[in-house]
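Report on the following structure.
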Amino acid sequence: MATRARERLLDAAEELFYAEGVRAVGVERILDVSGVGRASFYRHFTSKDDLLVEVLQIRDRQWRAWLSGTIDGWHLPPGQRPLAVFDALAERFSRDDFRGCAFINTMVELADRTSAAHGVAAQHKQKVIDYLDTILAAAGHADHEATARQLALLVDGAIVTALREGTPDAALRAKEIARAILASAR
Numbered sequence: 001m002a003t004r005a006r007e008r009l010l011d012a013a014e015e016l017f018y019a020e021g022v023r024a025v026g027v028e029r030i031l032d033v034s035g036v037g038r039a040s041f042y043r044h045f046t047s048k049d050d051l052l053v054e055v056l057q058i059r060d061r062q063w064r065a066w067l068s069g070t071i072d073g074w075h076l077p078p079g080q081r082p083l084a085v086f087d088a089l090a091e092r093f094s095r096d097d098f099r100g101c102a103f104i105n106t107m108v109e110l111a112d113r114t115s116a117a118h119g120v121a122a123q124h125k126q127k128v129i130d131y132l133d134t135i136l137a138a139a140g141h142a143d144h145e146a147t148a149r150q151l152a153l154l155v156d157g158a159i160v161t162a163l164r165e166g167t168p169d170a171a172l173r174a175k176e177i178a179r180a181i182l183a184s185a186r
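Residues 1 to 186, numbered by full-length UniProt numbering, are exactly what the sequence shown covers, in order.
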């Protein structure tokens, strides 16, 4: 039963943090939504920050699995995969529950580069760069490491712009910029 309580806490926290923000959601709210008692919360997590770190670690694995699974599921040749990232993002931005990037949101809200949550968010961004690097290398791009960092900047910019504008169009505009970057890198 303790495992189920932990899962309920993680599920409730993920949903609430993403929908309402890390600072806006207190432990009491997480307890109410999860139906877990305070003593059980503290058996599983030392603090809300500890819970946040685990939520971000889980979300990192899920988000990266979603991205690579989406790209792999389209069965594209290697040369088309880097640009397909932006098509995947456009689909994500079209969802009713899209509220930006949980990792960017956390870094902005906490504004503490030394926090454990910031560290997890920064690691997530590096893993996304690593994924982009992998698909760029597979596509035959010589300067794939530098190009991966450029595309990651476009990804983050598209995410923030899509949130600001409320449409998936930012992903398609970023795709066109990425297309120009990839063409010039050839």
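We treat Cβ as the ideally placed atom computed from N, Cα and C, and that holds for glycine.
Among the options, whose alpha-carbon lies nearest the alpha-carbon of residue i?
i, options, result
"Ser184", "Ile159, Arg164, Ala146, Thr3", "Ala146"
"Gly21", "Ala138, Glu109, Glu165", "Glu109"
"Leu52", "Gln126, Asp11, Arg149", "Asp11"
"Leu163", "Ile30, Leu9, Tyr18, Gln57", "Tyr18"
"Leu76", "Leu89, Glu91, Ser40, Ile135", "Ile135"
"Val33", "Trp63, Val155, Glu15, Thr3", "Glu15"
"His44", "Arg6, Arg186, Leu154", "Arg6"
"Leu67", "Val155, Arg179, Ile177", "Val155"
Per DSSP, what kind of secondary structure is residue i in: helix, strand or coil?
i, result
"Gly119", "helix"
"His75", "coil"
"Val128", "helix"
"Thr167", "coil"
"Gly157", "helix"
"Asp112", "coil"
"Arg186", "coil"
"Trp63", "helix"
"Ala24", "coil"
Beta carbon of residue i, beta carbon of residue j: below 8 Å?
i, j, result
"His124", "Phe98", "no"
"Ala117", "Asp60", "no"
"Ala111", "Ile129", "no"
"Leu172", "Phe86", "yes"
"Leu9", "Pro82", "no"
"Pro78", "Ala24", "no"
Quick check: the Cα distance between residue i and residue j, rounded to an integer number of angstroms?
i, j, result
"Lys175", "Thr106", "25 Å"
"Gly73", "Asp143", "26 Å"
"Ala122", "Gln57", "11 Å"
"Phe41", "Gly26", "12 Å"
"Lys127", "Leu89", "16 Å"
"Val160", "Gln150", "16 Å"
"Ser94", "Thr167", "7 Å"
"Val120", "Cys101", "13 Å"
"Thr114", "Glu54", "17 Å"
"Ala137", "Thr70", "19 Å"
"Ala13", "Arg186", "45 Å"
"Met1", "Glu91", "Confidence at Met1 is low in this model, with a pLDDT of 46, below 50, so its placement is unreliable and the value that follows should be read with caution. One C-alpha to the other measures close to 37 Å."
"Ala148", "Trp63", "18 Å"
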